[in-house]
Amino acid sequence: MRKRRRRESEPRSKQQLASPQLPPPSPSHPRAPTLRSALQVREASQSSCGYVIVLRSSRGTPSLADSVTQSSRTADGRAPALLAEGFSRVCGICGAVMPGAVLLVAATGVALVVAFLLLLYLVLPLNYPKPLSLSGAHVVVTGGSSGIGKSIAIECVKQGAFVTLIARNEKRLLEAKKEIETFSVNDKQVLHSISLDVSKDYANVEKLLKQAQEKLGPVDMLVNCAGTSITGKFEDIDTYRFEQLMAINYLGSVYPTRAVVGKMKERRMGRIVFVSSQAGQVGVYGYSAYSATKYALRGLAESLHMEVKPYNICVTIAYPPDTDTPGFAEESQNKVLETKLISESSSICQPEYVAKIIVKDAVQGKFTSSFGADGHVLTILTNGMAPVSSIAEILESIMFLGIFRLVSLYFIAGFDSIVRRCMIEKEKSEKTD
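Going by the UniProt record's numbering, the sequence shown opens with residue 1, and the numbers climb by one from there.
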């Protein structure tokens, strides 16, 4: 008995230690993986002769082998077979578990999205401003002697507003005033006109607007529509024109806004409108001077919106397309060929149509005002972190941004192609000359 125990306690031979006898894998084997006793890959490390993969069962005991070494120089041919068998079993378990996991993740994701949208639906309307009634309201319109500005003044007068009209050219201003007065809806309405360059001498701008408020009451809505445009290649535009355009298009909106915003805060109500352009959403060949000033208005509008929102003051920035105005007609005469060809891809709007949308969006307190299908797409593409006014805007951005971005690449390629063709034609004509 003692001898037998000694023999049993003796260590196994080197051959037994080097080559452990493994049971052949079969579905009926008691160690076969099931959902309850699943194989888990616990460790993967690369050894000098290949990859060592340790497979453990959920019970903590070896299920296939303590280790399987994959090597082109494996002593016996069973290691690759065991490795393949192990992976096939693990994949089988994953295949059984994955459909349920995918469904669970998908259901959780849908539930979170629905809960988020429901929360937005319930919370956002609480922050929406009440529409502003223009009946008896005092509206100030800069650049009101022609074009979009005059059409906005007419639209406000039609809704019963008292309007202060501001423009540089006094003759055209008085003519516009007479025309606008014909749209009055009652005898109490008053139209006040001021001949003023809103881009110069802030003290004078502040003084004249104070006088207008003493006459017609505090400003309920300010529409910054004064502006001008030039086109041309960057290196062909005189530097003073950049300064001039920035003064008119940007400072011409800063000064009037600065003059009235304090009173609006005191009253805790008001509307401020900045008329930008689609060139303030996307840079276009020939508009390097003009586009920069319109982009500046967006930065001003977004920053100011954050400042005045607690005071129940709404800021609106409008991005009208090419509009049939005297200014646009003058601009078209000096457009370079590339700019003309690119501009032909969009239609020309009428100022009355643009004015109605701007007034409607401003009254409702919307931050962004766009025009037509192409303008709507462009707004979704360029919204970035701009304020939102409704849950519809959020859903549109989430659902269509990727698709619209893909479409935009087509237009960008088309614009680049136009510029390239024009350059080639110019080079050919220069060679022949």
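No residue lacks a Cβ here, since even glycine has one placed at the ideal position from N, Cα and C.
Cβ-based burial, residue i [other Cβ within 10 Å; buried from 16]
i	result
SER199	buried
LEU409	exposed
LYS233	exposed
GLN333	exposed
SER193	buried
PRO321	buried
TYR240	exposed
GLY252	buried
GLY77	Reliability fails at GLY77, whose pLDDT of 48 lies under 50, so the model's placement of it is uncertain and the value that follows must be treated cautiously. Label assigned to GLY77: exposed.
GLY280	buried
residue 435	Residue 435 lies beyond the range of the chain shown here (1 to 433); nothing can be said about it.
SER145	buried
THR164	buried
ARG59	A caution first: ARG59 carries a pLDDT of 42, below 50, which makes its placement in the model unreliable, though a value can still be read off. Counting Cβ neighbours within 10 Å, ARG59 comes out exposed, since fewer than 16 surround it.
SER429	exposed
GLU43	Below a pLDDT of 50, predicted positions are generally treated as unreliable, and GLU43, at 43, falls in that range; no measurement from the model is reported.
GLY299	exposed
ALA101	exposed
ARG323	Before going further, note that residue 323 is Thr rather than Arg in the sequence given. Answer is buried; the Cβ neighbour count reaches 16.
THR293	buried
LEU191	buried
Backbone CA spacing between residue i and residue j [nearest angstrom]
i	j	result
GLN159	THR142	18 Å
ILE418	GLU338	7 Å
TYR319	VAL284	14 Å
ARG421	SER151	39 Å
VAL363	GLU235	42 Å
ASN169	VAL308	32 Å
ALA226	ALA386	23 Å
ASP238	TYR311	42 Å
GLU330	SER229	9 Å
VAL140	THR257	10 Å
VAL114	ALA107	11 Å
ASP361	VAL354	11 Å
LEU222	GLU427	49 Å
GLU396	VAL377	10 Å
ALA212	ALA111	55 Å
PHE328	VAL105	55 Å
HIS305	ASN224	15 Å
SER135	THR368	23 Å
LYS431	SER345	30 Å
LEU196	GLY375	32 Å
GLN70	ILE380	Any reading at GLN70 must be qualified, since the residue scores a pLDDT of 43, below 50, and its modelled position is unreliable; no value is offered.
VAL359	VAL205	24 Å
GLU243	ASN249	10 Å
GLU302	ALA247	20 Å
GLY262	MET269	11 Å
PHE274	LEU118	32 Å
LYS265	ARG271	11 Å
ASP416	LEU245	26 Å
TYR351	ALA176	Looking at the sequence shown, residue 351 is not Tyr but Pro. PRO351 and ALA176: Cα-Cα distance of roughly 14 Å.
LYS335	ALA413	21 Å
SER389	GLU425	47 Å
LEU173	ASP187	21 Å
VAL282	VAL407	14 Å
ILE398	ASN383	12 Å
Residues that DSSP places opposite residue i in a beta bridge
i	result
ALA301	Note: ALA301 sits in no beta bridge, so no partner.
GLY270	ILE313
VAL275	ALA318
MET264	Answer is none; MET264 lacks a bridge partner.
LEU222	VAL140 and ILE272
Spatially closest choice to residue i from the options, by CA coordinates
i	options	result
ALA373	VAL190, GLN278, LYS426 and LYS130	GLN278
LEU208	PRO326, SER347, GLY270 and TYR255	TYR255
LYS340	THR293, GLY384 and TYR287	TYR287
LYS210	GLY109, HIS138 and THR293	HIS138
ALA259	LEU245, GLN350, TYR202 and GLU155	TYR202
SER184	ALA161, THR316, ALA176 and ALA167	ALA161
ILE357	ALA101, VAL407, LEU118 and ILE148	ILE148
GLU155	THR382, ARG405, ILE180 and PHE400	ILE180
THR325	SER389, GLU425 and ILE348	ILE348
GLY365	SER390, PRO129 and ALA176	PRO129
VAL315	THR293, SER343 and SER276	SER276
ILE342	ILE317, THR231, SER370 and PHE371	THR231
Within-9 Å CB hit, residue i to chain B
i	result
SER288	The structure shown has no chain B; it contains just one protein chain.
(request) Within the region 187-213, note down every full beta strand (DSSP E) run reaching 3 residues or more, in order along the chain. (result) 191-195
(message) Quick check for students: name the residue ranges of the alpha helix (DSSP H) that lie wholly in the region 317-391, counting only runs of 4 or more.
(response) 326-333, 337-343, 351-364 and 372-382
(request) Please list the segments of the alpha helix (DSSP H) lying wholly inside the region 130-193, counting only runs of 4 or more residues, in order along the chain. (result) 147-158 and 170-181
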